[in-house]
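So in full-length UniProt numbering, spot 132 of the sequence shown is number 132, and the numbers just go up one at a time.
Glycine included, C-beta positions come from ideal geometry on N, C-alpha and C.
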Amino acid sequence: MSDLVSIIMPSYNSQGFIKDAIASVVNQTYINWELIIVDDNSLNQNEIEQIASSFNDKRIIFIKNSLRGGAAKARNIATKVAKGRYIAFLDSDDIFKPNKLKVQVEFLVKFNLAFTYSSYDLIDTQGKKIGEFKTNLEITHNDLLKTCSIGCSSVIYDTNKLGKIFMQNFKNREDYVTWLEITKTLKIVKGIEQPLLDYRIYKNQTSSNKLKMAKYQWKVYRNHENLGLLKSIYYFLHYTVNGLLKYKIKR
């Protein structure tokens, strides 16, 4: 019997895309999984619960937050109840490719790894492929300070090696600071070149939104990593340049 994979999915007003996200888990070639959805007090929480229930699959667990706490808190609630040896993440608007779990579990076992991630395809709100992101196959803590090459929905890790990982409530960068902490422990993490999921891109990912993310990134350097001013500027310049080059979008 293959080891259980617990898939962690936070949800907030996600009725537009969560059905496709859940279906991508149900359709996995790796069948020993549980999907833990934590809805973060959505305005239409009952509708989202009905979507999850419509799959009539006992492997799907739906948890309601009575107060909104953010994605990190939602993921941590799911992590607490997770029973799997492996824990994977899936945002409610992203889509696993059918062999995602199988490929990653086999990769972890083959190379005796604690943590891995993958490349991914980019899709628009209609589900049309519009580009791709090719990740680096090896990433150090220093690499990660320059750019985040690890997509949250691409991650899976082994709790036998790392224990359960709980995210800090660091606004809009909670997954990123988690990977930073992991790379301090593991020194180097290894990824899979094959795209194993579809990551959704929105039209409102505009210059103003990028400016907000840049502010959060600066806070990571200064408040989380406690870097000095010059080092923060050094890494921030790398972050800015890499951000411009990150995705290959079809024009």
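Asked	Found
What are the boundary residues of the alpha helix (DSSP H) that includes D175?	E174 to L186
Quick check: what's the CA-CA separation for D143 versus I182?	13 Å
Keeping to the same chain, check which residues put their C-beta closer than 8 Å to that of K164; ignore five residues upstream and five downstream.	T79, K80, A82 and I87
Let's test the definition: count the other Cβ atoms within 10 Å of the Cβ of T29 and tell me whether it reaches 16, buried, or not, exposed.	exposed
Measure from the alpha carbon of N160 to the alpha carbon of each residue in S24, L43 and R85, then state which is nearest.	R85
So what's K215 in DSSP terms, helix, strand or just coil?	helix
When you compare only the Cα positions, how much space is there between I102 and W33?	Correcting the residue type first, residue 102 is Lys in the shown sequence and not Ile. K102 and W33: Cα-Cα distance of roughly 11 Å.
Thinking C-beta only, is M167 closer than 8 Å to N76?	yes
At the level of alpha carbons, what is the spacing between L197 and G151?	10 Å
Under a Cβ-count criterion, where at least 16 other Cβ atoms within 10 Å of its own Cβ denotes burial, should S11 be classed as buried or exposed?	buried
Rounded to whole angstroms, what is the Cα-Cα separation between S153 and K73?	16 Å
My parser needs the beta strand (DSSP E) runs of 3 or more residues fully inside the region 69 to 97; what are they?	86 to 89
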